[in-house]
Amino acid sequence: MKWPDSSKVYDSIRSFGPKTGWRLNRPGSPRIILVLLLILALLIALTGCVAVPSPRPYLSDDRNTAWANDITYLQKTLPEVHKNLYFRISEQEFHRQLEDLKQKIPAYSDEQLEIALSVILAGIGDTHTGSNIGAEYHYPLELYWFAEGIYIMGTSQEYQGLLNARILTLNGKKIEEVAETLRPILAGANESWFRTQIVYYLPMPNVLRYFGLIQADEIELGVELENGQQQTIKMTPVSYKEYVAAEQRPKNVPLYLSRPDEHYWYEYLENDKTIYLNYSRCSQMRDKPFEIFNQEFWDFVQSHEADRLVLDIRKNRGGISTILNPFIKEVKNSQFNQPGRFYVIIGKDTYSSAILNAISLKQETRAFFVGEATGGEPNHYGEVKQFKLPNSGITVRYSTKYFHWLDEDVNTLEPDQVIAETFAAYRQGNDPVLEWIFNRSI
Numbered sequence: 005m006k007w008p009d010s011s012k013v014y015d016s017i018r019s020f021g022p023k024t025g026w027r028l029n030r031p032g033s034p035r036i037i038l039v040l041l042l043i044l045a046l047l048i049a050l051t052g053c054v055a056v057p058s059p060r061p062y063l064s065d066d067r068n069t070a071w072a073n074d075i076t077y078l079q080k081t082l083p084e085v086h087k088n089l090y091f092r093i094s095e096q097e098f099h100r101q102l103e104d105l106k107q108k109i110p111a112y113s114d115e116q117l118e119i120a121l122s123v124i125l126a127g128i129g130d131t132h133t134g135s136n137i138g139a140e141y142h143y144p145l146e147l148y149w150f151a152e153g154i155y156i157m158g159t160s161q162e163y164q165g166l167l168n169a170r171i172l173t174l175n176g177k178k179i180e181e182v183a184e185t186l187r188p189i190l191a192g193a194n195e196s197w198f199r200t201q202i203v204y205y206l207p208m209p210n211v212l213r214y215f216g217l218i219q220a221d222e223i224e225l226g227v228e229l230e231n232g233q234q235q236t237i238k239m240t241p242v243s244y245k246e247y248v249a250a251e252q253r254p255k256n257v258p259l260y261l262s263r264p265d266e267h268y269w270y271e272y273l274e275n276d277k278t279i280y281l282n283y284s285r286c287s288q289m290r291d292k293p294f295e296i297f298n299q300e301f302w303d304f305v306q307s308h309e310a311d312r313l314v315l316d317i318r319k320n321r322g323g324i325s326t327i328l329n330p331f332i333k334e335v336k337n338s339q340f341n342q343p344g345r346f347y348v349i350i351g352k353d354t355y356s357s358a359i360l361n362a363i364s365l366k367q368e369t370r371a372f373f374v375g376e377a378t379g380g381e382p383n384h385y386g387e388v389k390q391f392k393l394p395n396s397g398i399t400v401r402y403s404t405k406y407f408h409w410l411d412e413d414v415n416t417l418e419p420d421q422v423i424a425e426t427f428a429a430y431r432q433g434n435d436p437v438l439e440w441i442f443n444r445s446i
């Protein structure tokens, strides 16, 4: 074993000395070296960290060598830092795919290599592990997949007439088939998360080109307008800097979408004797930490007559799961923790830490779940960290922890009552989920 330079180790941690009350002397002493190594080992054990290798030896000015070195760095680093990289894909298959990609470096553009790498990482089967795909240009489309199909929720001023139109085809191919062709980008996703995420890739010309769906930048979109008329529209990509949105929200926004900038908020629905709590992000609000909010909320509950309590996490994609713990503790001991009085709304966007909250509520309360199957898996890898590839600078995310909540290994949490999210209800400002809850007898 090669011992590290004791002076460097000493310099790296001596700042702790004044804070902890102990002092280090004679940094060259073998005893000091041993103490420092034991301390560093303990810190690593406590934090569960695995050191990411230095990228310096992998740097290169030659384009092909740089890409090959990046892939080699990935092959070395990811298996070491991921909690359990080969839980679904074999070690041999993972490395075979990366070695094959190395052979394609001279023929592939940087754009193709970036996407190919992302596809390989998606094949690991962990939706928290992967790399992003960049796109300097995109088609001016902001999309959402409702029960009826994929709709244009935002676009540029040039195509303002397409707002709220349903996309039928892309270059003559059904849009659902186009989406299916792109599935390798989201290979580890369940159906709910696939529908939530694929709409971000559909407007990317580099992605469509990689999968052989387009040859030229100009595309033809077959759409059905709000009045039922069908049209074919030609569209070219624009840069993000040039994009000027002509986004339009419906006049009557459903309650759950009415306050998008707030992480958590509540409202008393007096006519239905219901207290509605919307929890859309597992993160703290700077001006009101959740513990303070939670106390205010339960004070409000005690001062208002209500038959039901509704917690809405259908648009919550995660964050820090423990933030909701004070609420869970209170609701367990409240008058609402009985059949027919406590409802939890889940949906396609319920993911990561939000799915952990949903499972806790499922196991610890008598809540009735309404909505759609979750995008997150009950048992999943998470607690994400990241590193960058030395030359391309591509950021690779990876999981450091496994969350095992259910004995049954299912890929989604199904609601007790399925109610689909429809464009028709959204456009009218209605919420079929809340309406269903209101119509249930206590």
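Using the numbering used here, the first residue of the sequence shown is number 5, and each one after it goes up by one.
No residue lacks a Cβ here, since even glycine has one placed at the ideal position from N, Cα and C.
With at least 16 other beta carbons inside 10 angstroms of its own, N282 counts as buried. By DSSP's assignment, D316 forms a beta bridge with N282, I349.
CA-CA distance, A310 to K277, rounds to 4 Å. The alpha helix (DSSP H) runs of length 4 or more contained entirely in the stretch 239–297 do not exist; there are none.
Taking the CA atoms as reference points, R170 sits about 12 Å from T236. S262 and W269 have their alpha carbons spaced roughly 11 Å apart. Proximity to I124 across S445, R92, Y155 peaks at R92, based on C-alpha coordinates. Cα atoms of A362 and T76: separation of roughly 39 Å, rounded to the nearest angstrom. The Cβ atoms of P419 and G375 lie closer than 8 Å to each other.
Closest by C-alpha distance to M208, out of A377, G226, R318, L174, is L174. CA-to-CA, the gap between Y402 and D130 works out to about 9 Å. A distance below 7 Å between beta-carbons, with the five flanking residues on each side excluded, links Q116 to the following residues of its chain, in chain order: Y214. Residue range 399–407 is occupied by the beta strand (DSSP E) that includes R401, with no alpha helix (DSSP H) assigned at that position. Looking at the backbone, the Cα of V211 and that of Y148 are separated by about 18 Å. Fewer than three beta-carbon pairs drawn from the stretch 293–311 and the stretch 244–257 are found closer than 8 Å, and the two stretches are therefore not classed as touching.
CA-CA distance, A126 to F391, rounds to 16 Å. It is roughly 24 Å from the alpha-carbon of Y406 to the alpha-carbon of F331.
In the same chain as F372, and ignoring 5 residues on each side of it, the C-beta atoms closer than 6 Å to its own belong to Y347, D420, in chain order. Annotation for F427: no beta strand (DSSP E) segment contains it, though the alpha helix (DSSP H) segment containing it runs 427–432. If you compare the alpha carbons of S287, A220, E181 with that of I202, the shortest gap goes to E181.
For G344, the CB contacts under 6 Å within the same chain, skipping 5 residues up- and downstream, are I446 in chain order. DSSP places G379 outside both helix and strand once states are collapsed to three, so it counts as coil.
In the displayed model, H99 falls within a helix according to three-state DSSP.
Within 10 angstroms of the beta-carbon of T240 lie fewer than 16 other beta-carbons, which makes it exposed. Minimum Cα-Cα distance from G153 among the listed residues A424, D435, E439, Q432 corresponds to A424. Judged by beta-carbon spacing, N68 lies within the 8 Å limit of I109, meaning their Cβ atoms are closer than that value.
Listed in chain order, the non-local C-beta contacts of N341 below 7 Å within the same chain comprise V335, T369, R370, local neighbours out to five positions each way being set aside.
Here T326 is exposed, its C-beta having fewer than 16 other C-beta atoms within 10 Å. Shown here, L145 sits in a strand according to DSSP, grouped into three states. A distance of 8 Å or more separates the beta carbons of I398 and L89.
R187 sits exposed, since fewer than 16 C-beta atoms from the chains shown fall within 10 Å of its C-beta. Shown here for P436: same chain residues with a beta carbon closer than 6 Å to its own, the five before and five after excluded, namely I423, A429 in chain order. Short of 8 Å from the beta carbon of E140, and not among the five residues preceding or following it, lie these beta carbons of its own chain, in chain order: S243, Y244. Given a length threshold of 4 residues, each whole run of the alpha helix (DSSP H) inside the stretch 147–211 is given here in chain order: 179–185, 195–205. In this structure, the beta-carbon distance from V388 to L78 does not fall below 8 Å. Your pair I349 and V314 checks out as a contact, with CB atoms roughly 7 Å apart and the cut at 8 Å.
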